[in-house]
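One line per chain: the protein sequences are A, B and C, in this order. In terms of the working numbering, the first sequence opens at residue 1 and continues consecutively. In terms of the working numbering, the second sequence opens at residue 1 and continues consecutively. In terms of the working numbering, the third sequence opens at residue 1 and continues consecutively. In this text, a Cβ means the ideal position worked out from N, Cα and C, and glycines have one as well. One structure below.
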Amino acid sequence: MARAKKMAPRDNGAPDYKKNLHPLMAKNYGKWSYHEKLRPGVLVHGAENGDRLYTVRAGSPRTLSVDKVRQICDIADKYCQGHLRFTSRANVEFLLANEADIDPLIKEVNETLGFPVGGTGHSISNIVHTQGWLHCNLPGTDAAGSVKALMDLLYEEFVTDDSLPARVKISASCCQINCGGQADISINLQHHHPPRIKPEGVGVCELPKVVAICPVAAIRPRQDETGKTTLEVVDEKCMYCGACHGQCPTMEIRDAKTDTLSIWLGGKTASTRKGPSFMRLAVWGLPNNTPRWPEVGAAVRKILDVYKQTGRPYERIGEWVDRIGWKRFFELTGFPFTKYHIDDSPLARSTFNTSSHVRL
Amino acid sequence: MGGGFRRVYPENRPDHGGINKDEGLGESGARRPHVASLQQFGGLLESKRVYLHLLVNPYSCAINFAFRYIKRIGWQNQMKGSGMSSENKINTSMIDDLESGPWPSFVKDLKSLATKKPAVGQLLGQLNQSYEDRWNYWQGTVLNVDGYGGGVIARYSELAEKYPDIAQFHTIRIIPPAGWVYSTATLRELCDIWEKHSAGIIQLHGMTGDILLLGSDNKSTFDAAEELMEHGWDLGGSGAALRTLACCVGQARCEMALIDTMAIQTHITNTYISELHRPEFPYKYKFKISGCANDCACAMQRSDMPIIGTWRGPMQIDQAEVGKFVDGHGADFVIDNVITRCPTNCISLKDNQIEVDDDNCVRCMHCINVMHKALKPGKDRGATILIGGKRTLKIGDTMSSVLVPFMKLQTEEDWEKLTDLVERIWEFWGEHALEHERVGEFINRIGLGAFLDGVGLEPHPEMITAPRSNPYIKFEELAPGMLEGESGHDPAVVNEEVESMESTNS
Amino acid sequence: MSFELNGATYETDEDGYLLNLDQWSKEVADYLAAEEDVEMTEAHWEVINFLREYYEEYKIAPMIRILTKAIGKKLGKEKGNTKYLYELYPGGPAKQACKIAGLPKPTGCV
Ligand code: HEM
Ligand code: SF4
Ligand code: SF4
Ligand code: SF4
Ligand code: SF4
């Protein structure tokens, strides 16, 4: 495979962020003094010297054509002195120096791009997701499509900023590696049986690495009839985590017939109040139902309804469930509490109720 | 194509229980999802899963009912004259459904791209197949640009015979400007280069923080990478390497920012660009940098080494603004939503004035978030450095924990202290970790005490929430001199002898 | 895919990695190196030999750190780093050197 010998410079490093800053950002770098929410999706940041920089936040599908990116640029050229930003949740933020430009900009964002404006304050922001069937080699479900379907249902919560007690961050993961992050609500794919080894593949990969990657030592080498070394899985030990599948595609863990989705609640990364927390299993066994995953949408809706009714201001979902207790959570939502909700990992004991505190 | 085991896979996969895979699904076939799910789950009627399913059913029925009547655009008509011949019609009957609804649709956008990039139409065809079969048709492979050990996520399609233009369909990870702030000139340059060489899909951004460019083949990946690098861009990280960094918008547009996240990110990226491009670690290593405890970069649980802005000394309080806030919202609001929410009960309201017991404030940011005009962080600013966060695989999620309670990060000299620590960690972890062991897993295995010894840090009470309750302790200083007169010795992880001493004594 | 060399047929995967690792020989290595535009020198062979010995013993490719250390020990400290390895094998030790050494294609998504 002959390649061109002339090579571009290597190891350029990160682009210079200073060249990309909006003029008001550059001028007031480190000198911001306050911000206000003007309306859903619109913020203003005030600098010490009185400068004001307006931000209009719009939800994007993250996966964009070059033409869509150019359309975004056209709008930023027209209203934003050619500068914009993206958030970690794939929202676009248009940066404006001029308050009067906000309305015309929003009109164009809505009409030309088809993007809704929102995602600030106590809203549901864009759903963090990864590749799914669009471009990963491991997924049991789609990412971009399931997110689109769910955001259609949560649209109202995106474009308002006071319909919820606090902000709600959602993530979606399309295999048990869980590239989608911890979140207030997380939708994860779940496998339900040990990997089925495709014998024709074994041997072309590095067997000891596959054996070593299993967290519960369920994989061991085996001689087949011909004396060739292959692998076997001890079914009773296997916890269907799929780690081996990431290491070696021969360890097929997915199953179109039996993979399901589950919903996890209460992940939080900010150290505000009681600090960060992990999410916990709430609902399991939802069907992987393309193209709209309506059962997942309905379950999320149910959770949000109850949260809206009983959550207190600034109380994120994890803090809310902590306060009302999981017993009331299951009562209010009607989801069944099962033995599978009880942790059986080495950390399990730290999740048991070791007091006589019970809600009766 | 001979031999490759993954090639035979599509035929080998489990049968999909009567799902119709014919081209051009009719209306009834395409609208089958909910019905199919019931069939699929029919065999499980005794199980609780079905109970659950039925429980959410009233909702799903309503939703399905709604979608059933959503009019779909016949894309096959649109595709006429798009470079795809009619006998090669691409079936998108299932994902067509995702064009409707208020949220912007990637399907719609990609379809319009497909009119000039046939590969994108085929990509949607494969995606549709996945929706029908609930099966994935990508296989992973490796592809490196000369001089780089990562940065390209390479995929081959298993449906290449049907969709030849996506036989090779790769992603290039590109390092973005810190904080994801762009000038349109920068973005347009990226679009132009990428459109020239590929199917022209851009994801802004990957969850790690990279710009993701999708849709090049084996050759155009090199061409695109060369041209991008010619224009000053660079590839992002993948594999057992330093990964592309991510940070919040920080001082560019946030009054909360206590450190210069963009500058620190750029500095670390450029200092360790070799570690980012040429994997040499036991496994991946991620930094994420947030200007304050609000952690907009999701550093705490998504990075091996979060850097979180904080301050020492008193919080700044503008009592006049406090007065205005209390007048505007009422004292009850302040008590319910600020005072009682403080994790250490260190803030109080007396006579319309806020008082903070600064020694007990843990810099959680809550009160400042709610009363951001009245309360501001203190003036002596720096960062808390944490370690060990990661996502699920293999031991379950781990949260980062405090490594350095406070470090100034203002000057280049301060940054040098940080990079010095980073290098000690990489050396110790690199030397002693197992393959594929993230630094958090490594610390779990050897113990935080041994890790601190290994990287040359003193233990500090801020590293824990409470001392141990478990009484089985190996006090090194108090051990009798049974090891040939030697009492102190290196931590267990680096000294095999400790093990042997244990076994001969037990 | 496959290639012919001195009358024998060698099956490879779509990226040119040998499917039957037992078929590897120095001649095959030279052939694969030429395909990769790599000119094999003594220094290149040091890496290949180490990779093969390691694989013979452990049935896996070594971690890069182990490889750079071993090379540094043998050829001097200034060569025990990834920069040196990429000068020899621009396509990377894991991908390109392993291919020429007749080791399996790294399958993990690493
Ligand atoms: C086994 C094969 C793996 C593949 C194919 C893979 C693939 C990917 C891809 C494509 C992304 C970027 C996705 C996007 O934003 O579109 C990603 C991100 C991510 N991956 Fe993986 N990954 C693998 C292993 C892992 C493992 C083992 C872990 C955790 C231990 C992990 C955790 C993550 C996380 C947390 C992210 C989000 C990035 C961040 O916030 O920094 N992945 N992965
Ligand atoms: S969650 Fe799994 S399937 Fe989805 S992108 Fe990550 S590794 Fe791939
Ligand atoms: S799925 Fe997980 S537990 Fe089961 S064999 Fe694979 S690595 Fe081990
Ligand atoms: S993490 Fe803090 S400093 Fe950074 S953007 Fe968020 S609130 Fe501002
Ligand atoms: S920052 Fe947090 S800990 Fe400090 S006073 Fe405010 S609420 Fe309390």
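Stretch pair the region 119 to 137 of chain B + the region 102 to 111 of chain B: three plus CB contacts closer than 8 Å: By the Cβ rule, the region 119 to 137 of chain B counts as touching the region 102 to 111 of chain B, because three or more pairs are nearer than 8 Å.
Range covered by the alpha helix (DSSP H) that runs through N6 (chain C): N6 (chain C) -> no alpha helix (DSSP H), and no H or E assigned at all.
Beta-carbon spacing of M256 (chain B), L386 (chain B) below 9 Å: Contact flag unset, no.
Exposed unless 16 or more other CB atoms sit within 10 angstroms - verdict on Q223 (chain A): Residue environment analysis places Q223 (chain A) among the exposed positions, since fewer than 16 neighbouring C-beta atoms fall within 10 angstroms of its C-beta.
L143 (chain B) at chain C interface by Cβ criterion, 9 Å: Closer than 9 Å to the CB of L143 (chain B) there is at least one CB belonging to chain C.
L138 (chain A) beta carbon near ligand 2 (any heavy atom closer than 8 Å): Yes - ligand 2 has a heavy atom lying nearer than 8 Å to the Cβ of L138 (chain A).
Residue span of the alpha helix (DSSP H) that contains F510 (chain B), given as start and end: Absent from the model: residue 510 (chain B). The displayed extent of chain B is 1 to 506, so no value can be given.
Between the CA atoms of H129 (chain A) and I170 (chain A) - distance to the nearest angstrom: So the two alpha carbons sit approximately 9 Å from each other.
Own chain residues within Cβ distance below 6 Å of D255 (chain A), not counting five before or after: Answer for D255 (chain A): no residue qualifies.
C-alpha gap between Y81 (chain C) and Q96 (chain C), whole angstroms: The sequence as given places Asn at residue 81 (chain C); Tyr does not occur at that position. Distance from the CA of N81 (chain C) to the CA of Q96 (chain C), rounded to the nearest whole angstrom, comes to 16 Å.
CA-to-CA distance, G215 (chain B) to V69 (chain A), given in whole angstroms: V69 (chain A) and G215 (chain B): Cα-Cα distance of roughly 16 Å.
For R196 (chain A), three-class secondary structure by DSSP: Reduced to three states, the DSSP call for R196 (chain A) is strand.
Where I473 (chain B) falls, given that 16 or more other Cβ within 10 Å makes a residue buried: If you draw a 10 Å sphere on the C-beta of I473 (chain B), you find fewer than 16 other C-beta atoms in it, and that means exposed.
Start and end residues, alpha helix (DSSP H) containing T115 (chain B): Note, T115 (chain B): premise wrong, no alpha helix (DSSP H); not H, not E.
At least three beta-carbon pairs within less than 8 Å, the region 259 to 266 of chain B to the region 164 to 179 of chain B: A contact between stretches requires three or more CB pairs, one per stretch, nearer than 8 Å, and the region 259 to 266 of chain B meets this requirement with the region 164 to 179 of chain B.
Secondary structure of P48 (chain A), DSSP reduced to three states: Here residue 48 (chain A) turns out to be Glu, not Pro, going by the sequence shown. Looking at E48 (chain A) - three-state DSSP - the assignment turns out to be coil, as it is neither helix nor strand.
In DSSP terms, what W233 (chain B) is bridged to: In the DSSP assignment, no residue is bridged to W233 (chain B).
For L21 (chain C) and P249 (chain A), the rounded distance between their alpha carbons: If I take the Cα positions, the gap works out to 19 Å.
9 Å Cβ cut-off: residues of chain A touching Y131 (chain B): Against Y131 (chain B), the close residues of chain A are W133, D142, G145, T290 and P291, in the order they occur along the chain (beta-carbon pairs closer than 9 Å).
Cβ-heavy atom distance, G242 (chain A) to ligand 3, below 8 Å: Yes; taking the cut-off as 8 Å, the Cβ of G242 (chain A) has a heavy atom of ligand 3 nearer than that.
Reduced DSSP secondary structure (H/G/I, E/B, other) of G181 (chain A): Three-state DSSP puts G181 (chain A) in coil, outside helix and strand.
Span separating the alpha-carbon of A270 (chain A) from that of C364 (chain B): One C-alpha to the other measures close to 8 Å.
W326 (chain A) at chain B interface by Cβ criterion, 9 Å: No, W326 (chain A) does not count as interfacial toward chain B.
Touch test, the region 306 to 317 of chain B against the region 352 to 369 of chain B, Cβ-Cβ under 8 Å, three pairs minimum: By the Cβ test, the region 306 to 317 of chain B is in contact with the region 352 to 369 of chain B, since at least three Cβ pairs between them sit closer than 8 Å.
Alpha carbon of V338 (chain B) to alpha carbon of L242 (chain B), nearest angstrom: Looking at the two C-alpha atoms, the distance is approximately 40 Å.
Span separating the alpha-carbon of T384 (chain B) from that of E462 (chain B): Cα-Cα distance, rounded: 10 Å.
Sequence-distant residues of the same chain with beta carbon closer than 6 Å to H45 (chain A), five excluded per side: Within the same chain, W32, H35 and L53 come within 6 Å of H45 (chain A) by CB-CB distance, once the 5 residues on both sides are set aside.
Which listed residue (B:Y148, B:D192, B:P118 and B:G101) has its alpha carbon closest to that of A167 (chain B): The shortest Cα separation from A167 (chain B) among B:Y148, B:D192, B:P118 and B:G101 belongs to B:P118.
Listed by chain order, chain C residues near S274 (chain B) by CB distance under 9 Å: Contacts between S274 (chain B) and chain C, judged by CB atoms closer than 9 Å, involve N81, T82 and K83 in chain order.
Test item: CB-CB of E437 (chain B) and P282 (chain B) under 9 Å: Pairing E437 (chain B) with P282 (chain B) gives a Cβ-Cβ distance under 9 Å.
Residues near A374 (chain B) in its chain [Cβ-Cβ closer than 6 Å; skip 5 each side]: Around A374 (chain B), the same chain offers D318, E321, V322 and F325 as residues with beta carbons nearer than 6 Å, after the five sequence neighbours per side are excluded.
Check whether C174 (chain A) and G118 (chain A) have beta carbons under 9 Å apart: No, the pair does not count as a contact, with Cβ atoms beyond the cut-off.
Spatially closest choice to D295 (chain B) from A:G275, A:G242, A:L95 and A:V92, by CA coordinates: Nearest C-alpha to D295 (chain B): A:G275.
C-alpha distance - D67 (chain A) paired with I95 (chain B), whole-angstrom precision: Counting only the Cα atoms, I95 (chain B) lies some 21 Å from D67 (chain A).
N-terminal and C-terminal residue of the alpha helix (DSSP H) that H170 (chain B) is part of: Going by DSSP, H170 (chain B) is part of no alpha helix (DSSP H) but of the beta strand (DSSP E) stretching over H170 to I174.
Length of the line joining the Cα atoms of D162 (chain A) and V370 (chain B): For the pair D162 (chain A) and V370 (chain B), the Cα-to-Cα distance works out to about 14 Å.
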